[in-house]
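For the sequence shown, position 191 (counting from the first letter as 1) is numbered 198 according to the numbering used here, and the numbering increases by one without interruption. Data first, discussion second: the structure below is written as structure tokens.
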Amino acid sequence: MKPVAPMTGSTGARGAVDAPPSTQPAGIEFRAVSKRYGRGADAALAVDAISFTVPSGTLTAILGPSGSGKTTTLRMIAGLEAPSAGQVLIAGVDVTHAPATERDVSMVFQSYALFPHLDVLGNVAYGLDVSRVPKPEAQHRARRALGLVGLTGLDKRLPSELSGGQQQRVALARALVLEPAVLLFDEPLSNLDARLRRTMREEIRMLQRRLSLTVAYVTHDQAEAMAVSDQIIVMDHGRIAQAGTPIELYEHPCSEFVAEFMGEAMLFDGTGLDDGRVRIGPISVRIAEPVPAGPLRVAVRPSAWQVLPLGIGELPATVAKSAYLGQHCETTFDTALGPIFVSSAASTDLLKVGDDASLRLAGHGIAVLPR
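Quick look at the structure:
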């Protein structure tokens, strides 16, 4: 598939649906989809019988480390990879064996994939030109798409004359102009600096909500996924480790892998007490969720720790590393439980390496994991 060729024959606007939400088919649905590269039992299994839905008009982030299968999953939605087993449906239609050009899908690539010899308007209108939309209509729609992403007036500039953020907006406008049933993002912000990434993810989320777009968004960045998503699918070795809202995955991880991947977490052996508290070493704390009595595995977020003067908290600690990062401080303590990493609100009274303190757990940022 050409990077900017349309993957859709659709010309209708999104968001105007006659059926009520309860009867509307899912925007994207995977039914026991697998992908092997090669033949035979020893062929590499990139995706292993995964099933999920992306409700129409929502944004789902597919998150995972390198090699987890997230990009392969996105490419199967786009039609750039064919499943080895299972079904792929878009808006209720089985597209498992449909080529990319026959799917009502547009994709924003990590590399932007802009034509360097075409100006901004030409890049945005390219898919419409290939679909033989009359030139006046194509240019009108392209200018309207540029307005949606804040690039009005830059029609005649070449990609080389734009900043990285502006190039990303051109790529987004080129996808939006096709008015697809499904919009796909493949690591769209990885080439931008931290401040621009934050701005662009806010704009993507705003547009998705305003236009009621159905979006699948691949990223390896947990903060980015949490910022833009209605639903997050965490993948590990080709399987879905957990799916849910950002709050569900952060506050209630179902495994050690998810707890560590969805924001930093330290894992401890603990004990559930008869009165509903959790004990970790010398510390006991009451948390919001029910706690079974007996041995537990506990995930603790860096923000769950309170740093107190020596002798006030239950766990004596000595500063091993300390960093002031403006809005917050990051401190690693040596303790009887091993090294503990703490993220706390910034203070001008910064602890120094070798200082003694004590630690206590607040009731938040602690999750009991299934054993």
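Glycine included, C-beta positions come from ideal geometry on N, C-alpha and C.
* To do: Assign Asp356 to one of two classes, buried (16 or more other C-beta atoms within 10 Å of its C-beta) or exposed (fewer than that).
  => Asp356 counts as exposed, since fewer than 16 other C-beta atoms from the protein chains shown sit within 10 angstroms of its C-beta.
Report task. Check whether the Cβ atoms of Leu315 and Ser365 lie closer than 8 Å to each other. Result -> Going by beta carbons, Leu315 and Ser365 fall inside the 8 Å limit.
Can you tell which of Cys336, Ala327, Leu332 has the C-alpha that lies nearest to the C-alpha of Pro346?
Out of Cys336, Ala327, Leu332, Ala327 has the C-alpha closest to the C-alpha of Pro346.
I need the DSSP call for Tyr119, collapsed to helix, strand or coil. Tyr119 falls in the coil class under three-state DSSP.
Next on the checklist: So within the stretch 140 to 187, which uninterrupted alpha helix (DSSP H) runs reach at least 4 residues, ignoring any that extend past its ends?
Outcome noted: Annotation: the stretch 140 to 187 contains the following complete segments of the alpha helix (DSSP H) (minimum length 4 residues), in chain order: 142 to 155, 171 to 183.
Can you look up Gln215 in the DSSP assignment and give me helix, strand or coil?
Helix.
Exercise for the section: Sort Arg208, Ile319, Gly86 by Cα distance to Ile35 and report the nearest one. Expected result: Restricting attention to Arg208, Ile319, Gly86, the CA atom closest to the CA of Ile35 is found in Gly86.
(request) Please indicate yes or no: does the CB of Arg208 lie closer than 7 Å to some heavy atom of the ligand COA? (result) As far as ligands go, the structure on display features none, and thus does not contain the ligand COA.
In chain order, what residues of the same chain have a beta carbon less than 6 Å from the beta carbon of Leu125, not counting five sequence neighbours either side?
-> The answer is none, since no qualifying residue turns up.
Continuous beta strand (DSSP E) stretch holding Thr252: start and end = In the DSSP assignment, Thr252 falls outside any beta strand (DSSP E) and carries neither an H nor an E.
task = Less than 8 Å between the CB atoms is what I'm expecting for Thr79 and Ala223, so what's the real figure, rounded?
result = Between Thr79 and Ala223 a beta carbon distance of about 13 Å is seen, past the 8 Å cut, so the two are scored as non-contacting.
Specify, as a first and last residue, the run of the beta strand (DSSP E) that Glu36 falls within. Note, Glu36: beta strand (DSSP E), 35 to 44.
- Rounded to whole angstroms, what's the CA-CA distance from Tyr331 to Glu337? Just pull it up for me. Cα-Cα distance, rounded: 7 Å.
task = Can you tell me which of the three DSSP states Arg308 falls into?
result = It is coil, neither helix nor strand.
Practice prompt. Output the distance between the C-alpha atoms of Asn198 and Thr252, rounded to the nearest integer angstrom.
Written response: CA-CA distance, Asn198 to Thr252, rounds to 26 Å.
**OP:** Report, in whole angstroms, the separation of the C-beta atoms of His227 and Pro123, which I expect to be a contact under 8 Å.
**Re:** Between His227 and Pro123 a beta carbon distance of about 28 Å is seen, past the 8 Å cut, so the two are scored as non-contacting.
| field | Local conformation of Lys77 per DSSP, three classes | value | Note: Lys77 maps to helix in three-state DSSP.
Opening and closing residue of the beta strand (DSSP E) in which Leu190 lies: For Leu190, the enclosing beta strand (DSSP E) starts and ends at 189 to 193.
For Ala178, which residues in the same chain have their Cβ closer than 6 Å to its Cβ, ignoring the five residues on either side in sequence?
Taking Ala178 as the centre and dropping the five residues before and after it, the same chain places the C-beta of Val115, Tyr119 closer than 6 Å to its C-beta, in chain order.
By Cβ distance, which residues of its chain are closer than 8 Å to Glu5, with the 5 residues on each side in sequence left out? This structure leaves residue 5 out entirely; the chain is present only between 8 and 378.
Worksheet item: According to DSSP, what are the bridge partners of Ser91?
Response: Residue pairing by DSSP places Ser91 in no beta bridge whatsoever.
**Prompt:** Nearest to Asp282 by alpha carbon, out of Lys42, Val298, Phe340, Pro32?
**Reply:** Closest by alpha carbon: Val298.
DSSP three-state label for Arg205, please. Here Arg205 sits in helix by DSSP.
Checklist entry - Which same chain residues, not among the five before or five after Ala152, have their C-beta less than 7 Å away from its C-beta? => result Cβ-Cβ distances below 7 Å link Ala152 to Val131, Ala180, Leu183, Val184 in the same chain, with the five nearest sequence neighbours on each side left out; the list follows chain order.
Query - Reduced DSSP secondary structure (H/G/I, E/B, other) of Gly345 - result: In this structure, Gly345 counts as coil in the three-state DSSP scheme.
Drop a sphere of 10 angstroms on the beta-carbon of Ser63, count the other beta-carbons inside from all chains shown, and report buried for 16 or more, exposed for fewer.
Buried.
Less than 8 Å between the beta carbons of Lys359 and Ser329, yes or no? Yes, these two residues count as a Cβ contact at 8 Å.
Discussion item. Per DSSP, what are the beta-bridge partners of Gln31 in this structure?
Written reply: Answer by DSSP bridge pairing: none, since Gln31 is not bridged.
Of the choices His335, Met242, Pro323, Arg148, whose alpha-carbon is the least far from that of Lys77?
Among His335, Met242, Pro323, Arg148, the Cα nearest to that of Lys77 belongs to Met242.
**Prompt:** Which of helix, strand or coil does DSSP assign to Gly16?
**Reply:** Summary for Gly16: the model assigns pLDDT 34, below 50, so the residue's position carries little reliability; its value from the coordinates is reported in the next sentence. Assigned with DSSP and collapsed to three states, Gly16 falls in coil, not helix or strand.
What does a CB cutoff of less than 7 Å around Gly270 pick up in its chain, not counting 5 residues either side in sequence?
In chain order, Gln229, Tyr257, Arg308 place their CB closer than 7 Å to the CB of Gly270, counting only its own chain and leaving out the 5 sequence neighbours on each side.
- Task: Check whether the Cβ atoms of Leu344 and Arg304 lie closer than 8 Å to each other.
- Result: Contact flag unset, no.
query: For Glu296, which three-state DSSP category applies?
result: The answer is coil: DSSP assigns Glu296 none of H, G, I, E or B.
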